[in-house]
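Numbering (the numbering used here), first residue to last: 27 to 89. For each residue, glycine too, the CB sits at the ideal point set by N, CA and C.
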């Protein structure tokens with residue numbers, strides 16, 4: 027599978043299909059929009075950047 031340069035993850039349903047999960051896990055630059063970082067964190071993944079006002083960001087995901 028071809029590697030993508032960057033991925034932006036927004037709120038809503040997190041991908042459950044193996045293909046997008048593989049892409050998310052292999053990308054060097056994943057930008058999470060605000061609370062999307064919470065789900066990213068619970069899956070053991072580390073976003074490259076978090077953008078937004080962080081009003082829905084959990085303390086665990088904030089680091």
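- In the DSSP secondary-structure assignment, residue 58 is bridged to 35 and 76.
- By the Cβ criterion, the stretch 41-48 is not in contact with the stretch 70-87, since fewer than three pairs of Cβ atoms, one from each stretch, lie closer than 8 Å.
- By the C-beta density criterion, residue 58 is buried, having at least 16 other C-beta atoms within 10 angstroms.
- For residue 52, the secondary structure class from DSSP, reduced to helix, strand or coil, is helix.
- When the five nearest sequence neighbours on each side are left out, the beta carbons in the same chain lying within less than 8 Å of the beta carbon of residue 41 are those of 47 and 50, in order along the chain.
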